[in-house]
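Trainee: Its first residue numbered 4, the sequence shown is counted upward by one per residue in my numbering.
Ideal Cβ placement from N, Cα and C applies to all residues, glycine included.
These numbers were taken from a predicted model, which means no experiment stands behind them.
Right, I'll just put the structure down here and ask away after.
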Amino acid sequence: MNESDSELVRSLLKQQGFVFTEDRERADVLLVNTCAIRENAHNKIYAHLSELKAVKKQRPLVVGVLGCMAQNLKTDLADKEPIVDVLAGPDSYRQLPSLLTTALEAQEQGLAQKRFALDLSEYETYEGILPDRDSGVNAWITVMRGCDNFCSFCVVPYTRGRERSRDPESILDEARDAAARGFKQITLLGQNVNSYRYGEWDFARLITAVADVSEIERVRFTSPHPKDFPPALIEAIATHPRVCKHIHLPLQSGSDRILELMGRTYTGAEYLALVDRIRRAIPDIVLTTDIICGFCSESDDDFQATFRLVEQAQLDSAYIFKYSERKNTIAARKYADDIPDQVKGQRVSKLVEIQRAITAERNRRYIGKTLPVLIEGDATRSPTQGMGKTDGNITVVWDKSTGHPGPGAMVTKHIFDASAATLYGE
Ligand code: SAM
Ligand code: SF4
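Below you can see the structure in the form of structure tokens.
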């Protein structure tokens, strides 16, 4: 979502005559787009800002903090970090060109005054702003913003405001534009992407219409909530050849007591029933998830319920996090963050270990198969190896000498080996 928002910000600033450089030494303005979802996201930004202090000592520089951390910490951040000149939250980017212009003028006059734009909007969808996209194979398209779910652990409703969906016609225009510019894959984005609704349009109708745009090879989406999977959406994923057979289905916990405290609106059994429904309709689906360990009052029994559910569900992979208390959330106000960090860590390790074994085993089912792969570029480990993704979003690497027409090409790879992270093809 932040990559997508950064593309939006770049477009807004370029329209007003700002010029971007990859060379930090040449920049008059440095913008840091931030995440607030866990404390370690904050810590990365504090480390980055302290590095920028040295840069700012050497020459005039306007430093701007954008995104969820700016929105959530507001004056805290401004007070703690004197080098920050501008703060802009996710709904305030239209004000950024003027904020930066006045900050640059003030700096020339030797005035040090902070500038804030932190209003949350019920309507802002950045309609009419075509993102200045990073080059590559994938184009992000934000289809809805904000979230109304207020899961008790989550800061998103406070930093990104109320849920609002974009006009489908403008989404389709953007999809056609991305296709015309040579992007092969579109990923539809939203904090709660499958609760998309605009008049008569729901998410099933939207994803089908986007996938109907010719020249697009693949359409993905993230992140959906398990509560919004009507039969029509499962049917759309099952039947449209260009909608990828991958669903990221955040679980969070396998304990019904904890799920209730989290405000997730489903039980472990209901989650498993949904997994079952999806698998019956789409047998080759790849299912991935998010899990939080050590949420307030999570007992050993609660954790065991999560462990058992992970064993039972046999999902293809999982992101597993330690619970991180977020300022302003329901959990921060109502429940004690009472699980010691060490216990959170042990629980994460146990889940990572079992999920890794499940993932490795599930990946082995591809050995001996020939799969369509969309090439993304070189493998991170070696420039002599190519890298791409299966329809289910699993990474495949291969020796380039076995065939590598380059990024954006759809090829078929015969899979001869598999690990928990990678399929090996030729
Ligand atoms: N909207 C998605 C959903 O309903 O599940 C989740 C989006 S959230 C931005 C991404 C993931 O971050 C969540 O699925 C959750 O596992 C994790 N997360 C959110 N708040 C967290 C917190 N306070 N501590 C640890 N992990 C958290
Ligand atoms: Fe956060 Fe997702 Fe819950 Fe919204 S649905 S509050 S984004 S975890």
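Short of 7 Å in beta carbon distance, which residues of its chain neighbour Leu-377, apart from the five on each side in sequence? Order them along the chain.
Mentor: Val-140, Lys-187, Gln-188, Glu-220, Arg-221, Gly-391, Lys-392, Met-413
Trainee: Does the beta carbon of Pro-160 fall short of 8 Å from some heavy atom of the ligand SF4?
Mentor: yes
Trainee: Does DSSP classify Lys-392 as helix, strand or coil?
Mentor: strand
Trainee: Should the region 248 to 259 be called in touch with the region 283 to 295, which here means at least 3 C-beta pairs below 8 Å?
Mentor: yes
Trainee: List the residues that DSSP assigns as beta-bridge partners of Asn-197.
Mentor: Per DSSP, none; premise fails for Asn-197.
Trainee: So Val-12 and Asn-75 are supposed to be a Cβ contact under 8 Å. How far apart are they, rounded?
Mentor: Contact flag wrong, Cβ pair sits at about 18 Å.
Trainee: How would you write the range of the alpha helix (DSSP H) that Leu-52 sits in, first residue to last?
Mentor: The continuous alpha helix (DSSP H) containing Leu-52 extends over residues 42 to 61.
Trainee: Which value, in whole angstroms, describes the spacing of the CA atoms of Glu-25 and Ser-320?
Mentor: 34 Å
Trainee: Pro-85 lies in the alpha helix (DSSP H); which residues open and close that run?
Mentor: Looking at the DSSP string, Pro-85 is not in any alpha helix (DSSP H), and its letter there is neither H nor E.
Trainee: Leaving out the 5 sequence neighbours to the left and right, which residues in its chain are closer than 6 Å to Leu-123 when beta-carbon positions are compared?
Mentor: Asp-94, Gly-164
Trainee: Pull every residue with its beta-carbon under 6 Å away from any heavy atom of the ligand SAM, and keep them in chain order.
Mentor: Ile-40, Arg-41, Phe-156, Cys-157, Val-159, Gln-194, Asn-195, Ser-226, His-228, Pro-253, Gln-255, Asp-293, Ile-295, Phe-324, Tyr-326, Ser-327, Arg-329
Trainee: Which partner residues of Thr-145 appear in the DSSP bridge assignment?
Mentor: Leu-192
Trainee: Of the choices Asp-259, Arg-282, Val-278, Arg-280, whose alpha-carbon is the least far from that of Gly-271?
Mentor: Asp-259
Trainee: Please find out if some non-hydrogen atom of the ligand SF4 comes closer than 8 Å to the beta-carbon of Asn-36.
Mentor: no
Trainee: With a CB to CB cut of under 6 Å and the five nearest residues on each side skipped, what residues in its chain are close to Arg-169?
Mentor: Thr-128, Val-146
Trainee: First and last residue of the alpha helix (DSSP H) that includes Met-4?
Mentor: No alpha helix (DSSP H) holds Met-4; DSSP gives it neither H nor E.
Trainee: Kindly confirm or deny that the region 338 to 355 and the region 386 to 405 touch, where touching means at least three C-beta pairs closer than 8 Å.
Mentor: no
Trainee: Kindly examine the ligand ZN and report whether one of its heavy atoms sits closer than 8 Å to the Cβ of Cys-150.
Mentor: In terms of ligand content, the structure shown lacks the ligand ZN and carries the ligand SAM and the ligand SF4 instead.
Trainee: Please give me, in chain order, every unbroken run of the alpha helix (DSSP H) with length at least 4 that falls completely inside the region 101 to 164.
Mentor: 159 to 163
Trainee: What residue does the beta strand (DSSP E) around Gly-70 start on, and which one ends it?
Mentor: 65 to 70
Trainee: Looking only at C-alpha atoms, which of Gly-266, Ala-183, Ser-173 sits nearest to Glu-218?
Mentor: Ala-183
Trainee: Where DSSP assigns a beta bridge to Gly-428, which residues make up the other side?
Mentor: Trp-401, Ile-418
Trainee: Can you tell me which of the three DSSP states Gly-380 falls into?
Mentor: The answer is strand: DSSP assigns Gly-380 an E or B state.
Trainee: Output yes or no for whether 9 Å exceeds the beta carbon distance between Ile-333 and Gly-266.
Mentor: Yes, they are a contact pair.
Trainee: Give, in chain order, every unbroken run of the alpha helix (DSSP H) that is at least 4 residues long and sits entirely within the region 226 to 306.
Mentor: Counting only runs of 4+ residues, the alpha helix (DSSP H) found wholly inside the region 226 to 306 occupies 234 to 242, 259 to 265, 271 to 284, in chain order.
Trainee: Regarding Cys-154 and the ligand SF4, is the C-beta to nearest heavy atom distance less than 8 Å?
Mentor: For Cys-154, the shortest separation between its Cβ and any heavy atom of the ligand SF4 lies below 8 Å.
Trainee: Got a sec? Which residues, its chain only, sit under 8 Å from Leu-133 by beta carbon, not counting five neighbours each side?
Mentor: Ser-14, Glu-177, Asp-180
Trainee: Using beta-carbon positions only, say whether Tyr-430 and Ala-316 come within less than 9 Å of one another.
Mentor: Because the chain spans 4 through 429 in this model, residue 430 falls outside it and cannot be assessed.
Trainee: Would you identify the three-state DSSP class for Tyr-96, choosing helix, strand or coil?
Mentor: helix
Trainee: I'd like to check one pair, His-51 with Val-35: are the Cβ atoms closer than 9 Å?
Mentor: yes
Trainee: The alpha helix (DSSP H) spanning Thr-211 covers which residue range?
Mentor: 206 to 214
Trainee: So what does Ile-323 bridge to, in DSSP terms?
Mentor: Ile-294
Trainee: When burial is assigned at 16 or more other CB atoms within 10 Å of the CB, is Gln-61 buried or exposed?
Mentor: Gln-61 is classed as exposed because its beta carbon has fewer than 16 other beta carbons within 10 Å across all chains shown.
Trainee: Have a look at Val-22 and Lys-230 and give me their C-alpha separation to the nearest angstrom.
Mentor: Between Val-22 and Lys-230, the alpha-carbon positions lie close to 43 Å from each other.
Trainee: Which residue wins for smallest C-alpha separation from Lys-475, given the options Thr-162, Phe-310, Asn-366?
Mentor: Coverage of the chain is limited to positions 4 through 429, which leaves residue 475 absent and any answer about it impossible.
Trainee: Can you give the Cα-Cα distance for Ala-421 and Glu-263, rounded to whole angstroms?
Mentor: 38 Å
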